[in-house]
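*Asks:*
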Amino acid sequence: MIYLFLVKGIKIRLDPLPFRNDKCRDFCSRYDGYGDFYSDTNVDKNLATVPLFNKTLEDNPIYSTPILAIAGISHNSLCICLETLLMQLGIIPENVIVTVNEKFSESLALIDLFGFRGAKTASSSTYMGNYNKVHVEQSGDFMEAVFW
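In terms of our numbering, the sequence shown opens at residue 6 and continues consecutively.
This is the structure we're talking about:
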């Protein structure tokens, strides 16, 4: 004998999907040598800026000041620098320009991963040599890198 009846269930909340940073995973699959950046705890970390908690500071000129970072040849140092920049309260990624040697396309991919603006410069053996090749002008809300 077969009994057919309806069993009333309890609605349950589904587990949230874990955050996957596919852009970071793609970068990690293409490039080697970033150590802890590739770890299971860091590979899916959201690479987002930290908002200002004190909203009265939003109009402070310091938060619209352009930032120029000049990358060296160490990709790990650049990665740490970009992580540190990202942790600064109220930073605007569009206001950050990171210059790299024209021969290092991997560095540009890393800069793009963090959401900053990257610019290539001709090879130079000194920090000041790179600095002198880039001039940053700000007009209104737009910042542009001009190369000499």
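Glycine included, C-beta positions come from ideal geometry on N, C-alpha and C.
Am I right that Arg-25 and Asp-45 are in contact with their C-beta atoms under 8 Å? What's the rounded C-beta distance?
*Replies:* About 12 Å separates the two Cβ atoms, so there is no contact after all.
*Asks:* Look at the alpha carbon of Cys-84 and the alpha carbon of Pro-66, and state the distance between them as a whole number of angstroms.
*Replies:* Cα to Cα, the separation comes out at about 27 Å.
*Asks:* What does Arg-122 pair with, by DSSP beta-bridge criteria?
*Replies:* Per DSSP, Ile-102.
*Asks:* Which residues in the same chain as Tyr-68 place their Cβ atom closer than 8 Å to its Cβ, once the five residues preceding and following it in sequence are excluded?
*Replies:* If we look at Tyr-68 and ignore the five residues flanking it on each side, its Cβ neighbours are Leu-57, Leu-62, Gly-95, Ile-96 and Ile-97.
*Asks:* Mind checking Ser-128: buried by the 16 CB within 10 Å criterion, or exposed?
*Replies:* Looking at its Cβ environment, which holds fewer than 16 other Cβ atoms inside 10 Å, Ser-128 is exposed.
*Asks:* Near Ile-17, what residues of its chain come up, given a Cβ to Cβ distance below 8 Å and the 5 sequence neighbours on each side ignored?
*Replies:* Here the set comprises nothing.
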